[in-house]
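Chain order of the listed sequences is G and F. Residues 22 to 133, numbered by the working numbering, are exactly what the first sequence covers, in order. Residues 58 to 171, numbered by the working numbering, are exactly what the second sequence covers, in order. Glycine included, C-beta positions come from ideal geometry on N, C-alpha and C. Every value quoted in this text rests on a predicted model; they were computed, and no experiment measured them.
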Amino acid sequence: DTGVSQDPRHKITKRGQNVTFRCDPISEHNRLYWYRQTLGQGPEFLTYFQNEAQLEKSRLLSDRFSAERPKGSFSTLEIQRTEQGDSAMYLCASSSADSGYTFGSGTRLTVV
Amino acid sequence: GENVEQHPSTLSVQEGDSAVIKCTYSDSASNYFPWYKQELGKRPQLIIDIRSNVGEKKDQRIAVTLNKTAKHFSLHITETQPEDSAVYFCAASRARNQGGKLIFGQGTELSVKP
C-alpha cells in the first residue's frame with residue numbers, strides 16, 4: 022500500500038457533462054475525505070466518510086455533487102451537469118484514529 | 058462559523074533567516090492544529106501538528122506554538138533553505154484524535170532566496 026490513489030489525474034470535460042472520480046485510501050484508514058482546491062486557495066472541505074457512512078457534507082456541495090463509499094474502501098465523487106466553476110483540483114485524503122491525514126495527488130478537473 | 062485566517066499570504070526571506078506564519082481560528086472547540094507544505098503541482102504533506110493540550114512542539118528546524126486563549130497558532134521555520142520554498146497551510150479540527158474534518162487557512166507562499 023503506497024498511499025492514497027486518485028484516478029484520473031487529469032480530466033477535461035465539456036460543460037454539462039457528468040464526471041466521476043475515484044479515490045482509493047490507505048487500506049487501514051477508516052475515514053475518507055474529499056476536498057476541493059482552487060488556485061491560490063486552501064483546500065475546502067466537501068464531505069467525509071467513516072467506513073461506508075457519509076457523516077458530513079458541506080453546504081458547498083450542491084445537489085449536482087454526490088459521493089459514495091459503498092463498501093467502506095474506495096470512494097467515488099460524481100459531478101453532474103458540470104459548470105465552469107467546478108474547475109478545480111479535487112483532493113481525497115484518508116485517516117484513522119492513530120494517524121493524521123494522508124492526501125492523494127488529486128484529480129485536476131477542467132470544464133471547457 | 059468555522060474559519061481559519063492565515064497571514065501573511067506571501068513571505069520572502071533570505072536563506073538562513075527565520076520565517077513565521079500565523080493563523081487564527083474561530084471555533085473554540087478546535088483542538089488539533091496541523092501544518093501542511095504543498096509544492097507546486099503536488100499534494101499537501103503534513104510537516105508538523107499540535108494538540109490543544111500542548112503549547113509548543115518542535116521538530117528540528119520547525120516549531121509550532123499554540124495560544125488557546127487568543128485562538129492563535131504559529132509556524133516557525135529557522136535556518137531556512139531554498140527547498141523550504143512552497144505554500145504552507147495551517148488547519149484546525151475539532152476531532153478528538155488526528156482524524157476529522159479540517160478547516161484550512163488560505164495559505165502562505167514562502168520564498169527562500171539563496
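Return the first residue and the last residue of the beta strand (DSSP E) that residue i is part of.
i, result
"K79 of chain F", "A76 to Y82"
"D31 of chain F", "Any answer about residue 31 of chain F is impossible in this case: the structure gives chain F only from 58 up to 171."
"S66 of chain F", "Premise fails: S66 of chain F is in no beta strand (DSSP E) and is neither H nor E."
"I119 of chain F", "I119 to N124"
"K35 of chain G", "Neither: K35 of chain G is in no beta strand (DSSP E) and is coded neither H nor E."
"H129 of chain F", "H129 to I134"
"L53 of chain G", "R52 to Q58"
"V111 of chain F", "Segment: none, V111 of chain F is in no beta strand (DSSP E) and carries neither H nor E."
Let's test the definition: count the other Cβ atoms within 10 Å of the Cβ of residue i and tell me whether it reaches 16, buried, or not, exposed.
i, result
"R152 of chain G", "This structure gives no information on residue 152 of chain G, because the portion of chain G shown stretches from 22 to 133."
"A86 of chain F", "exposed"
"Q105 of chain G", "exposed"
"V133 of chain G", "exposed"
"K94 of chain F", "buried"
"S96 of chain G", "buried"
"I33 of chain G", "exposed"
"T126 of chain F", "exposed"
Name the chain G residues whose beta carbon is nearer than 7 angstroms to that of residue i?
i, result
"F161 of chain F", "G63 and P64"
Would you mind working out which of the options sits nearest residue i, comparing C-alpha positions?
i, options, result
"I47 of chain G", "G:I33, G:S26, G:Q62 and G:Q58", "G:S26"
"S75 of chain F", "F:A148, F:E113 and F:A120", "F:A120"
"I104 of chain F", "F:E59, F:K128, F:G112 and F:Y145", "F:Y145"
"A88 of chain G", "G:P64, G:Y69, G:H50 and G:T23", "G:Y69"
"S142 of chain F", "F:L68, F:E62, F:E113 and F:S131", "F:L68"
"C80 of chain F", "F:H133, F:G73 and F:K115", "F:H133"
"G162 of chain F", "F:R118, F:Q71 and F:Y82", "F:Y82"
"Y89 of chain F", "F:P171, F:S168 and F:A148", "F:A148"
"R57 of chain G", "G:A109, G:T131 and G:Q71", "G:A109"
"Q63 of chain F", "F:N110, F:K128, F:S168 and F:Q71", "F:K128"
"L123 of chain F", "F:Q117, F:N110 and F:T135", "F:N110"
Closer than 9 angstroms by beta-carbon distance: list the chain G residues that pair up with residue i, in chain order.
i, result
"F146 of chain F", "G63 and P64"
"L103 of chain F", "G121, Y122, T123 and F124"
"D106 of chain F", "G121"
"P91 of chain F", "G121 and Y122"
In chain F, which residues lie less than 8 angstroms from residue i when you measure between Cβ atoms?
i, result
"E77 of chain G", "K158"
"G127 of chain G", "R100"
Going along chain G, which residues have a C-beta under 8 angstroms from residue i?
i, result
"G164 of chain F", "G61, Q62 and G63"
In chain F, which residues lie less than 7 angstroms from residue i when you measure between Cβ atoms?
i, result
"Y69 of chain G", "K158"
| task | Could you name each continuous beta strand (DSSP E) segment of 3 residues or more that falls completely within the stretch 65 to 116 of chain G, going from the start of the chain to the end? | result | 65 to 71, 74 to 78, 86 to 89 and 96 to 100
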